[in-house]
Amino acid sequence: MTDSMQVVGYRRNLPIDNPESLVDAEIDVPAPGPHDLLVRIEAVSVNPVDVKVRAGSDPEGALKVLGYDAAGTVSAVGPGVTRFRVGDEVYYAGSIARPGTNAQFHLVDEHIVGHKPASLTHAEAAALPLTTITAWETLFDRFALSKDSTGTLLVVGAAGGVGSMIVQLARALTGLTVIGTASRPETRQWVTDLGAHHVVDHHGGLADAVLDVAPAGVDYLFTAFSDGQVEQFARVVRPNGQITAIDDPAGLDLLPLKSKSIAWHWEFMFTRPLFLPTDPTQHEILEQTARLVDDGTLRTTVTNELGPINAANLRQAHALIETSATIGKIVLAGF
Numbered sequence: 001m002t003d004s005m006q007v008v009g010y011r012r013n014l015p016i017d018n019p020e021s022l023v024d025a026e027i028d029v030p031a032p033g034p035h036d037l038l039v040r041i042e043a044v045s046v047n048p049v050d051v052k053v054r055a056g057s058d059p060e061g062a063l064k065v066l067g068y069d070a071a072g073t074v075s076a077v078g079p080g081v082t083r084f085r086v087g088d089e090v091y092y093a094g095s096i097a098r099p100g101t102n103a104q105f106h107l108v109d110e111h112i113v114g115h116k117p118a119s120l121t122h123a124e125a126a127a128l129p130l131t132t133i134t135a136w137e138t139l140f141d142r143f144a145l146s147k148d149s150t151g152t153l154l155v156v157g158a159a160g161g162v163g164s165m166i167v168q169l170a171r172a173l174t175g176l177t178v179i180g181t182a183s184r185p186e187t188r189q190w191v192t193d194l195g196a197h198h199v200v201d202h203h204g205g206l207a208d209a210v211l212d213v214a215p216a217g218v219d220y221l222f223t224a225f226s227d228g229q230v231e232q233f234a235r236v237v238r239p240n241g242q243i244t245a246i247d248d249p250a251g252l253d254l255l256p257l258k259s260k261s262i263a264w265h266w267e268f269m270f271t272r273p274l275f276l277p278t279d280p281t282q283h284e285i286l287e288q289t290a291r292l293v294d295d296g297t298l299r300t301t302v303t304n305e306l307g308p309i310n311a312a313n314l315r316q317a318h319a320l321i322e323t324s325a326t327i328g329k330i331v332l333a334g335f
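With this note's numbering, letter number 137 in the sequence shown gets 137, and the count goes up by one each step, no holes.
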């Protein structure tokens, strides 16, 4: 292994159509800490958090490397590592507090890493970790669901990365009736193929569309798009129902939910890596996900492979994410 590696990063907040918004660079290969894996990156996927950090965190000239989803091969381990060995194929979502995965080699704590599903390519596996962990924590931590849970779940933005995994996990591991929102023919078909019982077009008014198929309302609502929608949520969620959101629009007013005692949860999958660094829950989620993928219960959500991991291709991926119209996940593979 060489002492240097190729990475993609940024030094200033710039619009994504500026060629300096993401740049190729070369830096030293890092050394693993006690519980770190040094992973040779084979593939990454791009998430809205990549775009959000690039737009909102100015490194003021220092090189900042983005990327939170990856699949690759362990090339070295720290002295305290017990779960993995050199040569293991792994996948993970990383930590927002550490340099990102858009690099030939990457350090990650073993507590948040899983063994890659054997039936998937690295590119197919790289699409899964961040969205699957977010979906899993939404369903089983925030909503406290189980295989015996019943009721109705509304997934707002069901064709997106997280929505695609919520639909699959809710169908596979709970007894819920699943309603997904999607507005284009291709997104409606995608959500149907993932297993949603009903797909509704939210553009004419979310509550009316949902109440047409679920007149009594829904018990649970997941949303990646909350801005201007809280009054609609209040109409469609039953008394004592629950909402989990992953976005954070400025000035969000939750008072319309009070009269029906609707609970509002935040889901941020980086909470455990940031505040509970030795918690093995995300490792266990990824291990179980790999088993579910390999037995055919879950499928990867890759819809677009853009080629090698370089600045030009990552700029294209960020531009696509900024449209908020992507289906499933965008991945890049190889250097």
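We put the beta carbon where it would ideally sit given N, CA and C, even for glycine.
None of these values were measured; they are calculated from a predicted model.
Based on the DSSP secondary-structure assignment, which residues constitute the bridge partners of residue i?
i      : result
TYR220 : LEU153 and GLN242
ALA214 : In DSSP, ALA214 forms no bridge with anything.
GLN6   : GLU26
LEU37  : VAL77 and VAL108
SER45  : ASP69 and VAL331
GLY180 : VAL155 and VAL199
VAL90  : GLY72 and HIS115
VAL237 : VAL218
ALA55  : Paired residues: none, contrary to the question.
LYS64  : TYR10
ALA209 : DSSP output for ALA209 lists no bridge partner at all.
ALA103 : VAL7
Give the single residue among the options whose Cα lies nearest to the Cα of residue i.
i      : options                           : result
GLU284 : ALA234, ASN313 and PRO129         : PRO129
GLY157 : VAL51, ALA135, VAL8 and LEU298    : ALA135
GLY114 : HIS198, ALA103, ALA172 and ILE133 : ILE133
PHE222 : PRO215, VAL213 and VAL236         : VAL236
SER324 : GLY100, GLY160, ILE112 and VAL74  : GLY160
PHE270 : LEU38, ARG98 and VAL230           : ARG98
ALA172 : PHE140, LEU252, ALA182 and GLN189 : PHE140
ASP247 : GLU305, ALA234, MET5 and VAL162   : VAL162
ARG11  : ASP148, ARG184, SER21 and MET5    : SER21
GLU186 : ASP219, THR303, ASN102 and PHE335 : THR303
LEU206 : SER261, THR131, ALA234 and ILE309 : ALA234
LEU120 : LYS260, VAL44 and THR300          : THR300
ARG142 : GLU267, VAL293 and THR278         : GLU267
LEU255 : GLY151, GLN232, GLN288 and HIS202 : GLN232
ALA170 : ILE327, VAL293, GLN189 and SER149 : SER149
GLN242 : GLY151, PRO249 and VAL23          : GLY151
LEU153 : LEU274, ALA250 and ALA196         : ALA196
THR174 : ALA333, LYS147 and GLN189         : LYS147
Could you pull the start and end residues of the alpha helix (DSSP H) that residue i belongs to?
i      : result
HIS318 : 311-322
GLU305 : Taken as a continuous stretch (DSSP letters only), GLU305 belongs to no alpha helix (DSSP H), being part of the beta strand (DSSP E) at 302-305.
ALA263 : Looking at the DSSP string, ALA263 is not in any alpha helix (DSSP H); the run it does join, the beta strand (DSSP E), is 263-266.
LEU130 : 129-136
ASP294 : 281-294
PHE275 : 271-275
GLU20  : Here GLU20 belongs to no alpha helix (DSSP H), and DSSP marks it neither H nor E.
LEU194 : 185-194
ALA325 : Element bounds for ALA325: n/a, residue is neither H nor E.
ALA123 : 122-126
How would you write the range of the beta strand (DSSP E) that residue i sits in, first residue to last?
i      : result
MET165 : First-last for MET165: 161-173, but that is the alpha helix (DSSP H), not the beta strand (DSSP E).
ILE330 : 329-333
Anyone know if the C-beta pair for residue i and residue j falls short of 9 angstroms?
i      : j      : result
ARG238 : ALA216 : yes
VAL213 : LEU194 : no
ASP88  : VAL108 : no
GLN71  : GLU110 : It should be noted that the sequence gives Ala, not Gln, for residue 71. Not a contact, by the Cβ cut-off of 9 angstroms.
ALA224 : PRO19  : no
PRO117 : ALA125 : yes
ASP36  : GLY78  : yes
ASN13  : GLY56  : yes
LEU286 : ILE112 : yes
LEU211 : LEU176 : no
ASP69  : VAL39  : no
HIS198 : VAL230 : no
VAL53  : ALA25  : no
VAL331 : VAL49  : no
LEU183 : ASP201 : The amino acid occupying residue 183 in the given sequence is Ser; Leu does not appear at that position. The answer is yes: Cβ separation under 9 angstroms.
THR138 : HIS265 : yes
VAL191 : VAL218 : no
ALA103 : ILE27  : yes
VAL51  : ILE321 : yes
GLY100 : LYS64  : yes
SER164 : GLY328 : yes
ASP58  : ARG315 : no
VAL29  : PHE105 : yes
Verify the contact flag: residue i, CB atom, against every heavy atom of the ligand ZN, threshold strictly below 8 angstroms.
i      : result
PRO129 : Absent from the structure shown: the ligand ZN. Ligands present: none.
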